[in-house]
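Using the numbering used here, the final residue of the sequence shown is 112, and nothing's skipped along the way.
Below: the structure, in structure tokens.
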Amino acid sequence: MDGLDAQFAALADPTRRAILARLSLGEATVNELADPFEMSQPAISQHLKVLEAAGLIVRRVDGTRRPRRLSTTGIEAMDQWLAMLRTALEKNYDRLDQVLAATHKKKGEKR
């Protein structure tokens with residue numbers, strides 16, 4: 002759960018969510034990631050450190066470049082947790098459907 006806490010905390014910032022959205026298109030360098038934002042490269046680097054610490058992105062070395070990309074492991078961990086919630090919600094909706102159907106059936110019998 003500690004990993005999920007860090008991952009969701011990292012997602013609380015709109016800049017970091019925008020960075021992840023950009024990385025969903027493919028890997029990018031710090032300068033490429035900083036380009037659309039009105040903030041300094043060091044500020045973007047700080048956001049990247051948070052995303053890396055949360056396990057949402059990884060860095061690779063390519064000569065002097067350090068491109069980042071999404072981390073499959075980090076994203077999948079969040080997806081599994083959210084899938085568990087989706088399953089629970091679906092069960093709740095199924096139970097509600099059954100209750101409503103039974104209520105509707107009872108009202109039809111009284112007429």
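Using N, Cα and C, we set each Cβ at its ideal position, and we do this for glycine too.
- If you look at residue 71, you'll find it in the beta strand (DSSP E) that goes 69-71.
- Taking the Cβ atoms as the reference, residue 48 lies roughly 20 angstroms from residue 74, outside the contact range of under 8 angstroms.
- Out of 43, 89, 54 and 100, the CA that lies nearest to the CA of residue 71 is found in 54.
- Around the CB of residue 24, 16 or more other CB atoms lie within 10 Å, so the residue is classed as buried.
- Look at the region 56-98 and you find these whole runs of beta strand (DSSP E), each 3 residues long or longer: 58-60 and 69-71.
- Residue state for residue 13 is assigned as coil, using DSSP reduced to three classes.
- Note that the C-beta distance between residue 103 and residue 4 is not below 8 angstroms.
- Under a 10 Å Cβ-count criterion, residue 69 is classified as buried, with 16 or more other Cβ atoms of the shown protein chains found around its own Cβ.
- Taking the CA atoms as reference points, residue 85 sits about 16 angstroms from residue 6.
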